[in-house]
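Asker: Got a structure for you, questions after.
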Amino acid sequence: MSVNPKAGTGFSWWTRSGLTPFSLALWLVLALIALLIIYPLGLAIVYEYDNIVASFHSRLDGPLSRTVPTVILNTLIVVFGATTIALLIGSFLAWINERSDASLGFMGQLLPLCALIVPPVAGVIGWAVLLDPRAGLANFALRNVLDVFGITMRTGPFNIYSMWGLVIITSLYTVPYVFLVVSAALQRVDPAMEEASRTGGAGPLKTMMRITLPAIRPALAASVLLGVISGLSLFSVPAVLGAGARIDVISVYIFRLLQAYPAQTGPAITLSIGLLVLVQVLLVVQNMVARPGRNAAISGKGFRATPVRLGKLRWFAYALAVFYLLATAVLPILGLLLVSLQPFWTPAVNFSTLTLANFNFVLFENRQTVSALINSVTLGFIVASFNMLVTGTFALHFARNGKARKLADILTGLPATIPHTVIGVAFILAFSREPLRIYGTTTILLLAYIVMTLSYAARAAASAAASIGGELSEASRVAKASDLRTLFRISLPLAMPGLVAGWIMVFVHTVGEVTASAFLSGTHNPVIGRVLLDLWNFGNFPQVAALALVVTAISTSLVGLMLYVTRRSQRVTTS
Amino acid sequence: QAEIPAELVEAAKADGSLTVYTNIDPALMEKLSSAFTAAHGINVDIQRQSSSALAQRFMAENDTDNTIADVYYSTDRAFHDDLFAKGLFSKVEDVPGYAQWPEEAKSEGTITIGYNPYSLVWNTDLVPEGLTSWEQLNDPEFEGQVILTDPRSSVTSNQFYKMLHDLYGDEFLEKLGTHATYSPSAVPGIQQVAAGAQAIYAPGIHQVVTGLAANGAPLGESFPEPSISSNNVASLVAKAPHADAAKLFVAFLMTREAQTINNFDGFAPIEGIENTREMPQIVNIEPADAMAASEKIYQLMGLQ
Amino acid sequence: MTAAPRVSVRNLTKVYRTRRGSHVALDNVSLDIDPAEFVVLLGPSGCGKTTLLRCIAGLEEPDSGEILIDGKVVFSSRDGIYVPPEKRNLSMVFQSYALWPHLSVLENVIYPIRNSGKSQREAAPLAQEALEKVGLGKFSAAYPGQLSGGQQQRVALARAIVSGDGLVLFDEPLSNLDAKVRERLRLELLSLQTQIGFAAVYVTHDQVEALALADRIAVMDVGTVAQIGAPEQIYDHPASRYVADFVGSANELEGIVLSVGAKLLVKTAFGEIESANFPASMSVGQKVAVMIRPEHCNVAALGESENLITGRLTRSLYLGAVRQHFLETDGGELLITTQAPVTADSDGTLTVTCASHRVHVFAQGA
Amino acid sequence: MTAAPRVSVRNLTKVYRTRRGSHVALDNVSLDIDPAEFVVLLGPSGCGKTTLLRCIAGLEEPDSGEILIDGKVVFSSRDGIYVPPEKRNLSMVFQSYALWPHLSVLENVIYPIRNSGKSQREAAPLAQEALEKVGLGKFSAAYPGQLSGGQQQRVALARAIVSGDGLVLFDEPLSNLDAKVRERLRLELLSLQTQIGFAAVYVTHDQVEALALADRIAVMDVGTVAQIGAPEQIYDHPASRYVADFVGSANELEGIVLSVGAKLLVKTAFGEIESANFPASMSVGQKVAVMIRPEHCNVAALGESENLITGRLTRSLYLGAVRQHFLETDGGELLITTQAPVTADSDGTLTVTCASHRVHVFAQGA
Ligand SMILES: Nc1ncnc2c1ncn2[C@@H]1O[C@H](COP(=O)(O)OP(=O)(O)OP(=O)(O)O)[C@@H](O)[C@H]1O
Ligand SMILES: Nc1ncnc2c1ncn2[C@@H]1O[C@H](COP(=O)(O)OP(=O)(O)OP(=O)(O)O)[C@@H](O)[C@H]1O
Ligand SMILES: [Mg+2]
Ligand SMILES: [Mg+2]
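Chains as they are written, first to last, in the numbering used here: chain A, 48 to 622; chain B, 812 to 1115; chain C, 1403 to 1768; chain D, 1403 to 1768.
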């Protein structure tokens, strides 16, 4: 019997918060992570305080007042345009895969993840190589075809260096987030709701638009939020395409502010705070949309869905899936492959000059690449495992504790709103001095990656936790298992598929990260993003392409292995 | 060529190694450092980043008392001057060979190791007849096919556009602003010209062009006059952990051996180096003036 | 009957193919349902009730056979016809209600009317009227999440009847509710059906519910219809041991026919038992199954002589309206139910009797 | 009883605070459960049954009051004691079974034994034995997803009884099953309880289930215990109109007391009715509620005179074991149930009688 000497006073709080030694440890870990976010940023703000104040003035009447509004407008167009397109494509793909007879099953689940596995920097270069208005391989081929029909063009027909190019390529990288969230929601919504609509006289399309999608509104809101966050921090796409199109978006703009000498840290941090506010506003909006009681609940009973017969639409669905696959993975990879085999990038492919020299260079001659690969993959592994373990444990352990969850939500949502560049600079400032002098080591990268991917990990963990019925862990408690044992024997294994999805997301993000790596990585702690950037700045396209392909191959095989292993263990229990 | 005193070599060997911060082509740096190691048995750690990232990093390290760099060897002349003025770079007078070095290629805090006059680069398939003058950038024939280094990317590019402004006036830049697109740096930009994505690049960097042309890229290059040159300058870091090795390395850069490596098919500050070229006429634009004019230039070129 | 049937199911077969092999969920099932008839599909879990219902609704596509609704072929494997659910002019009430959580109660009910081409103006009063009918007129602005289970159920009902379709399908609509609510809703449902006159196909595994609601009951065995008929017929004249067992409790014994006549005399573990309820083709010496329902056994009054069984009263359960008693006899345990309490004799035994027309005999294996 | 109670619940109050305000789910509830006693919590949806059960299990923390298990305080708001579920030495069967889908049947059952410190070697045979007891010995290697609902239910049962705890909590464990399976499992559960001798707290909203299982029934009204007692007592002597109504069907009438004596004479819409079952404090002229259960009404034999009610027979429902009949009288509708069929007189009317000790009278509002 545990008797609290201060009877009646601290009692309610103590027990209601569910504080056991284990949860205390969890809170401690979370507090450390919080410190990892707040300490560098706080330091950056303190350090740059005068600059920030000054930048407010320059925002009002200085040179920034002329550029910033355009940059913000561009950013809004790109991010919301991309999110809208991704919402359409992503939820449609999710619906096809979960509900229709055009489902591709396991393949269909993997498909939208392709975009995540090909690092955006590789994908966007692939697309630039394909759709450059003059030298694009695809444009070149198309022009040759059109020439046969007597249509002669010197440029085009497509121009990737345009607002459209920017929006569409950005949207390709937003689709996976929408897809993951929406299919998870669809798996939990009782298909009887849709069948009721069918017998109520509505066709499949109308049912989807009027019933299915509105019923999963919270999931849609969540995916919009994820999409906006990822769109805001996506750097490589606007960096590569925006320059050619002369369109500045905020992530590139902040990068440039910080890269200038002397660095304009003040304005950069001010703009970052603006981003933070925007994301917090969206969070509030999302909470309002997800008003309780009006949305599809997770039904406790098992159900089965009969796939919706799409008829001729089925081919349209297949076409969309194939098109998406082509757009995110196949075509850019083919483009990259072709370029990586050339001595220099040229649309007029001369097969006699194709060479493996670039692979040879990036893998063997460039001393940095191998250690960068090892570092990146190791870091990806550690960061993904650590973040999923912490956020997963937290989400599962506090599944029924609303207040704890809300606090964790706010905390883990924070890093998503901070541009990677800011994180890079803040980390240099914070960790090059006592008490933690780790600048130039792999540890500083580890900490930075942990912070940067925390939000993705937390979202994935939350949705994984939400899919487990509360009674399963309660049954374990009643069966005399401590909360720790309950977690490791019951909750974690059950949440595994969702956690694995999150793991993959974090892993791929870490391996493909470019921006903060540029700041924090050097010759002593090289990572892939850094080496890619070097090759981009000082080497040549074919080398960049070769390395991007190597990274893609490694990510794909690791992710494939991960899926294979977890699915195998999963199959035992569900067959 | 001055003798390198034995005491300096001894002291440098006692340092054991040194770190060079640079933004110069890694292949070249590789060759230089191997030659140095072969000559003196001292290892060189090369930290290579783009000039602004490098500057940031150096400053951050300095601010937190973490200085790693011994030698700063970059094309960012303005940065060198600035840091020397702030006392972060030390005087280079007592580097062996300084006295003999040409006057125009040295200052109190910097030694110019090589010249990189800006060039005009074109795709020989798209511009078969070639180019000779900066003015041709605005030739209507090439509208939309010209790619320029983003004026905002560095002070040296500020200097280049200031020169154009001084030569041809407001209208020229305004027209150029509507006529061309921008690349964040020369390396990807010249590759786009090689690929035929664009016809003309300016201001070009000779080493990048020769590298691509060696692979068969259809690139042509000329050095219009007047031009400005982005020079490879070396400085000694004041708080260098390996001050003697640093001094030895800079001295080494001034030797014939290093000059031959550094300026192959390029432009050397001293006479008589094999495989070097004749310098075009250079105008001197002070970095401070260039920065002062940058606002106006951005505006003219439609960047603000 | 003279009217054309509302639904005709002919030789329907449906096979589910899964990783572990295939499962015949419906095996050559045929069934006719008349206009305004209330047919209940009754059977144990997994026998194919839901599958049949979903085939009629068009939510599942059978492998072979034909389905006609109002004389129109909506499915035919031979002619390759498949009419999707939204074109079949029927309504369905789902076990989970399947209300749309993002629409208000009124909007839920309006939805099917709008789908049949009516304007919002026409639809709203119709929906309101339907809600009044199920006693939820006041709740039209509420959202499903704000209603109790029983109220949600009634919204689902209103939504199904509102479009005035001649056929309404029910998949265990009451199984989530407590007994009192269930009983009330059963009565409401019946009176709505009389009032509106739709044909109903109602799936349940609750025997009492089936008996209370049905004009005809189709008792299903795995994939097939074991017997179809009026409730009394099913309960009092089950065609097989399976049906007899499924539609109510039963004491089952094995026996051998001793003599055949107007009545059948069977030797069982409980002694010799007379039955007036047996199939035509019985012969002496045949092995048979004997079934006696607990509620057909009464405590034997003095002088009664028909089918007397004596046993020790081991346990009495009080179930409120009725009582269950367990009698231990030499031949095994006998369950009887009575309305009145029962007292054992001084030696703890009890003698019960069962009228011979209440004793069912089936050939072994039937 | 002399033995100390297994569970004592004292003045338990639990308030849920939500955005829309607070809801008193338990309001000063007290309850004692003896060792080896089977107590059923019966009440309509939302009355707080699950909440009470979860408070006992430690899954929910009450706002005030005390809970003792085997004399040990496991919760006390006054002394600031809260013992977490894993330290309370009890087992629970969840409504959704809550089997762990990633563990095999055997592993599911082993889990609680391992948690109480036993080695895998000791645990496995115990678990196997428990599975044998519920008739699932052969299924130990299967996964829950491969079992039918009834089998899953029995695994949950095995898991609950395996650790030999003196207290097992059940939250509507049978409500997902069909009537036949439910009946069988009820009997199994009772015999397991007799055999093992645990105290059981069993939540249900099914009256028949409560009556069949309980040693004592606690009928709950919103947040409070309305009556607690043996099944007969609850059914035959309900303490209030609420209890009477909830534990079975009832015809309810309003009336005015005409005279008080050994029997009470009440004027109702059905005429004057005599009752021998009424509270002590009745006075002439008082407004009362009269309740007559359908199964206590019999067709009046000739010469019977007690509480005669005549009405027109409008509808008879055949429910198999019993029949329901609706009688339309001047005072309203009367429901009666009989085992035998009923035939109306030639004019379509029927006269029924109800023994006066079967007529319950309550003060209005009780
Ligand atoms: N989509 C499916 N894939 C494979 N087998 C299925 C599928 N749907 C149903 N079955 C199988 O078909 C059989 C009949 O299922 P059905 O749902 O019609 O039963 P039911 O009579 O409605 O049972 P219940 O009373 O449990 O709802 C079952 O054995 C079931 O496992
Ligand atoms: N976590 C909660 N937050 C707010 N209100 C709750 C919560 N849990 C239960 N309630 C409310 O408390 C009341 C009692 O709930 P409880 O689950 O104990 O009912 P119950 O008797 O078990 O009902 P049922 O038979 O439907 O399961 C209900 O009105 C319910 O809405
Ligand atoms: Mg079913
Ligand atoms: Mg409950």
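The beta-carbon is built from N, C-alpha and C at its ideal position, and this holds for glycine as well.
Computed from a predicted structure; not experimentally measured.
Pull up the distance between the alpha-carbon of SER510/A and that of LEU227/A, whole angstroms please.
Answerer: 10 Å
Asker: Output, in sequence order along the chain, the residues in the region 1595 to 1622 of chain C whose CB is closer than 7 Å to any CB in chain D.
Answerer: HIS1607, ASP1608, GLN1609, VAL1610, LEU1613 and ALA1614
Asker: List in chain order: all unbroken alpha helix (DSSP H) runs of 4+ residues lying wholly within the region 1699 to 1750 of chain C.
Answerer: none
Asker: For THR960/B, list the residues DSSP reports as bridge partners.
Answerer: SER994/B
Asker: Can you list the residues near ligand 2, meaning Cβ strictly closer than 6 Å to any non-hydrogen atom, in the order they appear in the chain?
Answerer: This selection yields TYR1418/D, THR1420/D, HIS1425/D, ALA1427/D, GLY1445/D, SER1447/D, GLY1448/D, CYS1449/D, GLY1450/D, LYS1451/D, THR1452/D, THR1453/D and HIS1607/D.
Asker: Applying the 10 Å Cβ sphere with the 16-neighbour rule, what's the burial state of LEU322/A?
Answerer: buried
Asker: Quick one: is the Cβ of GLU1611/D within less than 7 Å of any heavy atom of ligand 4?
Answerer: no
Asker: Could you give the uninterrupted runs of the alpha helix (DSSP H) lying entirely in the region 434 to 459 of chain A, keeping only those of 4 residues or more?
Answerer: none
Asker: Taking 7 Å as the cut-off, is the CB of ASP1647/C close to at least one heavy atom of ligand 4?
Answerer: no
Asker: Would you say ARG361/A faces chain C, with C-beta separation under 8 Å as the test?
Answerer: no
Asker: Is LEU1023/B closer than 8 Å to PHE445/A when the C-beta atoms are compared?
Answerer: no
Asker: Are there 16 or more other CB atoms within 10 angstroms of the CB of PHE350/A, so buried, or fewer, so exposed?
Answerer: Its pLDDT being 43, under 50, PHE350/A is placed unreliably by the model, and nothing is read from it.
Asker: For GLU242/A, go through chain C and note every residue whose CB falls closer than 9 Å to its CB, in chain order.
Answerer: ARG1456, ALA1459, LEU1461, PRO1487, MET1494, PHE1496 and ALA1500
Asker: Which whole-angstrom value is the C-beta distance of PRO907/B and LEU843/B, which I expect to be below 8 Å?
Answerer: The Cβ separation is near 17 Å, so there is no contact.
Asker: CA-CA distance, GLU1534/D and ASN1517/D?
Answerer: 21 Å
Asker: Between the Cα of PHE1680/C and the Cα atoms of HIS1607/C, LEU1571/C and ARG1760/C, which residue gives the shortest distance?
Answerer: ARG1760/C
Asker: Just mark VAL1724/D as buried or exposed, buried being the case when its beta carbon has 16 or more other beta carbons within 10 Å.
Answerer: That one is buried.
Asker: In whole angstroms, what is the alpha-carbon distance linking ALA528/A and PHE1728/C?
Answerer: Approximately 41 Å, taken between the alpha carbons.
Asker: At the level of alpha carbons, what is the spacing between LEU1587/D and SER1642/C?
Answerer: 25 Å
Asker: Interface residues of chain D around SER1447/C at Cβ under 9 Å?
Answerer: SER1550, GLY1551, GLY1552, LEU1579, ASP1580 and VAL1583
Asker: Which residues bound the beta strand (DSSP E) around GLN1497/C?
Answerer: Counting along the chain, GLN1497/C falls outside any beta strand (DSSP E), and DSSP gives it neither H nor E.
Asker: Going by alpha carbons, who is nearest to ARG1523/C out of CYS1756/C, GLY1539/C and LEU1508/C?
Answerer: LEU1508/C
Asker: What are the residues that DSSP puts in a beta bridge with ARG1618/C?
Answerer: VAL1441/C
Asker: Which residue from THR833/B, PRO837/B, LYS824/B and LEU1111/B puts its Cα closest to that of LYS986/B?
Answerer: LEU1111/B
Asker: What does the Cβ neighbour count give for VAL1610/D, buried or exposed, with the cut at 16 atoms within 10 Å?
Answerer: buried
Asker: Would you decide whether PRO913/B is buried or exposed? Buried here means 16 or more other CB atoms lie within 10 Å of its CB.
Answerer: So PRO913/B ends up on the exposed side.
Asker: Closer than 8 Å, Cβ to any Cβ of chain A: which residues of the region 1513 to 1537 of chain D, in chain order?
Answerer: TYR1513, PRO1514, ASN1517 and SER1518
Asker: Pull the bridge partners of ALA1383/D from the DSSP assignment, please.
Answerer: No answer is possible for residue 1383/D: the residues shown for chain D start at 1403 and end at 1768.
Asker: Does VAL903/B come out as helix, strand or coil in the three-state DSSP assignment?
Answerer: coil
Asker: Check whether the region 1035 to 1050 of chain B and the region 872 to 889 of chain B touch, using three or more Cβ-Cβ pairs below 8 Å as the test.
Answerer: yes
Asker: Between the Cα of ALA1008/B and those of ASP179/A, ASN587/A and SER147/A, spot the shortest distance and give me the residue it belongs to.
Answerer: Looking only at ASP179/A, ASN587/A and SER147/A, the smallest Cα-Cα distance to ALA1008/B is reached by ASP179/A.
Asker: Measure how close the beta-carbons of VAL125/A and GLY278/A come, nearest whole angstrom, since I'm counting them as under 8 Å.
Answerer: With a Cβ gap of about 7 Å, VAL125/A and GLY278/A count as contacting.
Asker: Taking the beta carbon of SER1424/D as the centre, do at least 16 other beta carbons fall within 10 Å, making it buried, or is it exposed?
Answerer: exposed
Asker: Taking DSSP as the reference, what is the three-state secondary structure of ALA1601/C?
Answerer: strand
Asker: Residue range of the alpha helix (DSSP H) that TYR979/B falls in?
Answerer: 966 to 979
Asker: When you compare only the Cα positions, how much space is there between PHE433/A and LEU894/B?
Answerer: Cα to Cα, PHE433/A sits roughly 42 Å from LEU894/B.
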